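Novice:
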Amino acid sequence: MSARGREGRRVVVTGMAGLCALGTGWAEVREGLRGGRSGVQRVPAFAALEGLRTELGAPCAFERPASWPRKATRSMGRVAQLAVRATELALAEAGLEPDALRDGGTGIAYGSTSGSPPDLVAYGRAFGVDGSAKGVTPTEYLRAMSHTCAANVAAFFGVRGRIVPTTSACTSGSQAIGYGYEAIRFGRATRMLCGGAEELHPIEAAVFDLLFAASTRNAEPGATPRPFDAGRDGLVVGEGAATVVLEERERARARGAPILAEILGYGTNCDGGHLTAPDAAGMEAVMRLALDDARLAAGDVGYVSAHATATDLGDVAEAEATRRVYGARVPVSSLKGHLGHTLGACGALEAWLTIASLREGWVPPTRNLDDVDPRCAGLDHVQAAPRRLAAEIAASHNFAFGGINTALLLRVGNH
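Each residue of the sequence shown is one higher than the last, beginning at 224 in our numbering.
(1) Tell me the DSSP secondary structure of N492 in three-state form.
(2) Regarding D353 and the ligand GTP, is the C-beta to nearest heavy atom distance less than 6 Å?
(3) For L536, which residues from the same chain have a beta carbon less than 8 Å from its beta carbon, with the 5 sequence-adjacent residues on both sides left out?
(4) Residue range of the alpha helix (DSSP H) that M510 falls in?
(5) Please classify L312: does DSSP put it in a helix, a strand, or coil?
(6) Would you call the stretch 445 to 464 in contact with the stretch 419 to 431, where contact means no fewer than 3 C-beta pairs closer than 8 Å?
(7) To the nearest angstrom, report how far apart L612 and F285 are at their CA atoms.
(8) Could you name the residues of the same chain whose beta carbon sits closer than 6 Å to that of T310, not counting the 5 residues immediately before and after it, in chain order?
(9) What residues are listed by DSSP as bridge partners for D452?
(10) Quick check: the Cα distance between D326 and G231, rounded to an integer number of angstroms?
(11) Excluding the 5 residues flanking A392 on each side, which residues of the same chain have their C-beta closer than 8 Å to its C-beta?
(12) Return helix, strand or coil for E251, following the three-state DSSP convention.
(13) Specify the secondary structure class of T656 as computed by DSSP and reduced to three states.
(14) Return the CA-CA distance between H579 and F350, expressed in angstroms with no decimal places.
(15) The beta strand (DSSP E) that contains H620, what's its start and end?
(16) Residues bridged to E470 by DSSP?
(17) Could you check what DSSP says for C283 in three-state terms: helix, strand or coil?
(18) State the Cα-Cα distance for the pair T413 and Y333, rounded to the nearest angstrom.
(19) Using the Cα positions of D432 and V252, report the straight-line distance between them to the nearest angstrom.
(20) Within its chain, find whatever has a CB closer than 6 Å to the CB of V234; leave out the 5 residues flanking it on each side and keep chain order.
(21) How would you label P361, buried or exposed, when you count the other beta carbons within 10 angstroms and need 16 or more for buried?
(22) In terms of residue numbering, what span does the beta strand (DSSP E) encompassing V387 cover?
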């Protein structure tokens with residue numbers, strides 16, 4: 224393996240946690256992944272909407288902790304609550320108390336597709352339909368604003384360093400980790416709380432439904448989505464959040480922190496073309512950017528966590544890009560068949576779960592991948608069951624509307 228040759232500080236993961244349709248925390252989610260469970264179900268609120276073809280989603284069984292003070296939660300919609308809960312759990316694993324976060328050296332990079340959808344709907348109805356501001360409250364705006372996750376995490380934990388909101392749809396979580404990594408690497412912060420969150424709402428399902436990109440297997444929710452499968456018919460939106468605590472390596476070691484993984488490299492770019500059409504060239508380029516940033520060769524990578532949402536053209540473009548960079552040697556799988564597409568949360572959730580599973584020497588399969596689409600062939604797809612794998616370095620890829628692409632390179636273990 225090539226040495227880490229770039230200038231700058233080394234960045235490690237000292238805490239990580241999340242919640243999704245399979246549960247809260249690694250123990251619950253691990254059980255669901257090992258058992259091949261699907262979090263997808265029929266959502267009555269979707270089924271009740273006239274004109275919406277998809278009735279499927281992957282909701283999170285989350286309730287706001289009773290211990291949270293009401294004053295702190297008034298500005299939080301559900302999406303911010305998910306972000307704060309994931310961060311609370313990650314900080315506990317990192318062994319960090321609130322006082323350690325208030326020195327100005329700790330920052331936040333956090334994102335979601337949007338603010339809390341119910342509050343966005345309330346604003347739209349008040350000003351666009353009713354033509355009246357009567358009944359609209361300032362706290363609704365705080366819940367609806369695009370940086371609600373980052374701002375509420377900062378307020379809840381008293382963080383006084385830099386805040387980097389990432390609102391880039393399906394790359395929100397991965398860009399947050401990448402920006403946190405860069406902030407520490409180049410000396411702008413000593414610690415960053417990074418992640419993504421998404422709240423389940425018909426707005427998100429409708430976007431993909433209107434593009435004919437949402438699954439309509441409403442009678443068999445467990446059979447969809449089907450990433451890379453010849454019978455896939457679209458994605459299923461999901462809900463959740465994940466946070467990773469990043470620290471400068473020497474400071475983490477000095478305080479005796481658990482070192483769970485290291486961020487070796489990060490790449491992000493833009494296709495600069497169509498806002499919704501996938502571009503294999505842009506995907507390939509971002510994978511190579513991350514390898515170059517880490518000073519690694521493709522042969523150093525032992526596992527690829529694929530974005531693979533189960534859309535027709537998106538999966539084909541991603542498979543093509545992955546083949547060009549990694550060939551057929553590296554095991555590849557997607558978590559979307561288990562969790563649905565958690566949009567702004569997916570990059571953070573997938574980084575967390577990739578690190579957690581590889582630390583135990585296995586990787587999850589692509590659920591529902593029974594018959595590989597010939598256009599997605601030529602890869603070492605992990606199918607049917609978890610695979611034992613002693614890989615040290617993994618790549619995690621995510622792609623978003625707007626042609627935004629990200630790639631993270633992660634090394635598991637204490638180095």
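Backbone N, C-alpha and C define an ideal beta-carbon position, used for all residues, glycine too. Just so it is clear, the structure is predicted and the values come from calculations on it, not from any experiment.
Specialist: Working from what's here:
(1) Of the three classes helix, strand and coil, the one that applies to N492 here is strand, per DSSP.
(2) For the ligand GTP, the structure offers nothing, since it holds no ligand at all.
(3) Hits under 8 Å: A500 and P501.
(4) Per DSSP, M510 is one residue of the alpha helix (DSSP H) stretching across A503 to A517.
(5) The three-state secondary structure of L312, taken from DSSP, is helix.
(6) With a cut-off of 8 Å, the stretch 419 to 431 and the stretch 445 to 464 count as touching, because enough Cβ pairs lie within range.
(7) Cα atoms of L612 and F285: separation of roughly 32 Å, rounded to the nearest angstrom.
(8) Same-chain partners within the cutoff: V376, L416 and T466.
(9) Per DSSP, V595.
(10) About 22 Å.
(11) Contacts found: T336, L566, G567, A623, F624, G625 and I627.
(12) Look at E251 here: in three-state DSSP terms it is helix.
(13) Coverage of the chain is limited to positions 224 through 638, which leaves residue 656 absent and any answer about it impossible.
(14) Per the sequence shown, residue 579 should be read as Ala rather than His. So the two alpha carbons sit approximately 45 Å from each other.
(15) Unbroken beta strand (DSSP E) run through H620: I616 to A623.
(16) Partner(s): V235 and R414.
(17) C283 falls in the coil class under three-state DSSP.
(18) Their Cα atoms are separated by approximately 16 Å.
(19) Inter-residue distance for D432 and V252 is about 28 Å (C-alpha atoms, whole angstroms).
(20) Cβ neighbours of V234 beyond the five flanking positions: Y404, I407, R408, L469 and I486.
(21) That one is exposed.
(22) Following the DSSP letters along the chain, one finds V387 inside the beta strand (DSSP E) bounded by residues I386 to T389.
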